[in-house]
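Presented below is the structure to which this report refers.
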Amino acid sequence: MIGPGEPDNQPGAEEPNTAWGAIPPGQPGPPNVRPQQPWGQVPIPFGQQNDGQAPRQRLPEPSAWTALLSAVPWFFWSLVLVVWVANAVGFPRGWIVVGLWILSAGLIFLPATEDLLARYLFRLRRPTQVEMQRLGPPWQQLLHRAATPEGRFVLWIQESDEVNASPTPGHTVAVTRWALYTLPPQHLEAALAHELSHHLGGRAWLSLINFWYSIPARGGLIVVRAIAGLMRRVPALGCAVVGFLVLAYAGIALVVFTFDHGYIWPFIYLTPFVAPPLLALLSRWQVKEADRKAALLGYGPHLVQALYGWQMQHQDSMGRETSRRAQVMSSTPSLIERVHTIERAGGVPPQTWS
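The letter at position 278 of the sequence shown is residue 278 when you use the UniProt record's numbering, and the numbering goes up by one with no holes.
Take a look at the structure:
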């Protein structure tokens, strides 16, 4: 019989200095099991856990040449529109107007330029203190995960019922009112990751310059879409507009080839018909690229859930326009295209849906 205080040396008894739950010496350890993810926390890729903290990782940054090449279509059509305006005004030297437009990009380096663009061009507003209490925790966790300095970007609110806000240049990151008030914290963080991904892997000043030079092209694109929509609603007006454009273009081509002067102008006048589909394709690529970067940061599953949640809430109000023309002219990819992009980036592993 063992008395109090005497060591227990019976076979199978625990060592007195062995902590509860510890593995006795000589015994095999447990298998390598993936730890369970706490509920509501953004999943971290296996093998990248860092003592319970979200991993600080940087995405591969493309070169400045990649950003510049993506801005070439916008700049070219903007230049064409500025030349048209200069010739229509009747300046004897249209290059003065073009030169002033090119030099106007220096305005973006003024401190108040980004604020004015956000407020009056994108129709954004700053979040209230109550809204910042909701945005603060997911925003801080996202910045830590993306290895981004805290004061580099400024949060704005877009009064929209869409799942994602319009892409903004510079240091402006916008989130929609629907995402702010509807999504749970982990899905809101995924939506913020998509918005922030538009700015990752590039320079803020370069995106500002690209956007500044694209303003005339974006304005022209809005006009072309408005005319196309009016032509669909009023077929007689559409026939008249198409007939006028065909006759005008035929007259320009006839004058050019008859007098053997300015062969470039017939091709320049084709830009209103060629540029909108190309610019819409570029916008869709930018949205899918932001989805891919958000998936690489580990937000793929929650971003997909946010997209499907938005689709379920807006099924009644969503349009049924599935024509080829609408798909070509759309600046936003379809939900299925975005989900496929996230899946190809490895952002939706099958175990997240079990």
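Don't be surprised by glycine CBs; every beta carbon is placed ideally from N, CA and C.
Within 10 angstroms of the beta-carbon of residue 314 lie fewer than 16 other beta-carbons, which makes it exposed. DSSP places residue 158 in the strand class (E or B) of the three-state scheme. Counted as a single uninterrupted DSSP element, the beta strand (DSSP E) harbouring residue 174 occupies residues 172-176.
CA-CA distance, residue 227 to residue 240, rounds to 12 Å. Approximately 7 Å separates the beta-carbon atoms of residue 74 and residue 213; this is inside 8 Å, confirming the contact. In the displayed model, residue 125 falls within a strand according to three-state DSSP. Take the alpha-carbon of residue 310 and the one of residue 163: they are about 6 Å apart.
Excluding the 5 residues flanking it on each side, residue 140 has same chain C-beta neighbours closer than 8 Å at 150, in chain order. Between residue 118 and residue 176, the C-beta spacing is not below 8 Å. Residue nearest to residue 271 within the set 280, 182, 332 and 80 is 80 (criterion: CA-CA distance). Around the beta-carbon of residue 186, 16 or more other beta-carbon atoms lie within 10 Å, marking it buried. The C-beta of residue 222 has fewer than 16 other C-beta atoms within 10 Å across all chains shown, which makes the residue exposed. Its chain contains 237, 238 and 241 as the residues whose beta carbon lies nearer than 7 Å to that of residue 231, once the 5 sequence neighbours on both sides are disregarded; these appear in chain order. CA-CA distance, residue 189 to residue 285, rounds to 22 Å. A distance of 8 Å or more separates the beta carbons of residue 124 and residue 88. For residue 253, the enclosing alpha helix (DSSP H) covers residues 235-259. CA-to-CA, the gap between residue 339 and residue 297 works out to about 15 Å.
Residue nearest to residue 335 within the set 259, 287 and 253 is 287 (criterion: CA-CA distance). In the DSSP annotation of this structure, the continuous segment of the alpha helix (DSSP H) that includes residue 340 starts and ends at 335-344.
Following the DSSP letters along the chain, one finds residue 332 in no alpha helix (DSSP H), marked with neither H nor E. Under the DSSP assignment, residue 275 falls in the alpha helix (DSSP H) whose first and last residues are 271-294.
Going by C-alpha positions, residue 114 is about 12 Å away from residue 155.
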